[in-house]
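Worksheet: one structure, shown below.
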Amino acid sequence: MTVDTQGEHCRIDHQLDVIDRTVAKTYEWLHQVAERDDSDHLNRAYHVLRAVLHALRDRVEPNVAAHVAAQLPMLIRGIFYVGWDPAKTPMRMSLTEFLSRVEKEAGLKGTSEAEEAARAVMTVCRAELGEGTAGHLISVLPSDFAVLM
Numbered sequence: 062m063t064v065d066t067q068g069e070h071c072r073i074d075h076q077l078d079v080i081d082r083t084v085a086k087t088y089e090w091l092h093q094v095a096e097r098d099d100s101d102h103l104n105r106a107y108h109v110l111r112a113v114l115h116a117l118r119d120r121v122e123p124n125v126a127a128h129v130a131a132q133l134p135m136l137i138r139g140i141f142y143v144g145w146d147p148a149k150t151p152m153r154m155s156l157t158e159f160l161s162r163v164e165k166e167a168g169l170k171g172t173s174e175a176e177e178a179a180r181a182v183m184t185v186c187r188a189e190l191g192e193g194t195a196g197h198l199i200s201v202l203p204s205d206f207a208v209l210m
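Using our numbering, you'd call the opening residue of the sequence shown number 62 and step up by one each time.
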């Protein structure tokens, strides 16, 4: 009996390619958030991205959150879902409450900084996810959230 180690090696390499691609795509998102947020710090971009995605995820109905998550790159989808309790959503948050949450979770200084951070993440989401998904997300948020788009 012969073992096809070459075939197994190719499957493992392919699986690792998927991981490499999602890591690269995550770094692309972080660089874009950092650029739009006028920051050179990827650590800050990560905290901003996570805070905004979590606030959005908790603000919308679970089916909308799942639809948005399905469009995210694999690693960012994991960040999106960390700590999610769909039974506690949607949380009714005003824009001010939303920004306060982003400010607190991302460790920002003030509502204006949180608004700029949220706008940076939403700009990247719109560019990366396309008008269909971004438009759907925008349509389920209160009209005052439009300042973030």
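Think of the CB as a built atom: it goes at the ideal place given N, C-alpha and C, for glycine as much as any other residue.
As the structure is a computational prediction, the values presented were derived from the model and not from experiment.
Could you pull the start and end residues of the alpha helix (DSSP H) that S155 belongs to?
-> Counting along the chain, S155 falls outside any alpha helix (DSSP H), and DSSP gives it neither H nor E.
Where does the unbroken alpha helix (DSSP H) through V121 begin, and where does it stop?
-> Unbroken run through V121: none, as it is neither H nor E.
Is the Cβ-Cβ distance between A181 and R97 less than 9 Å?
-> In this structure, R97 lies closer than 9 Å to A181 by Cβ.
Can you say whether E164 is buried or exposed, counting buried as having 16 or more other CB atoms within 10 angstroms of its CB?
-> buried
Which of helix, strand or coil does DSSP assign to H92?
-> helix
Say whether the stretch 190-206 touches the stretch 111-122, bearing in mind that this needs 3 or more beta-carbon pairs closer than 8 Å, one atom from each stretch.
-> yes
Cα-Cα, which of D81, D78, S155, W90 is closest to M183?
-> W90
Could you confirm whether any beta carbon from chain C is found closer than 9 Å to the beta carbon of G139?
-> This model lacks chain C altogether, as it is built from one protein chain only.
Would you mind reading off the limits of the alpha helix (DSSP H) that contains S173?
-> 172-201
What is the rounded straight-line gap between the Cα of L103 and the Cα of H92?
-> 7 Å
What first and last residue would you give for the alpha helix (DSSP H) that runs through M135?
-> 135-142
Where T172 and F159 are concerned, what is the direct C-alpha to C-alpha distance, given to the nearest angstrom?
-> 10 Å
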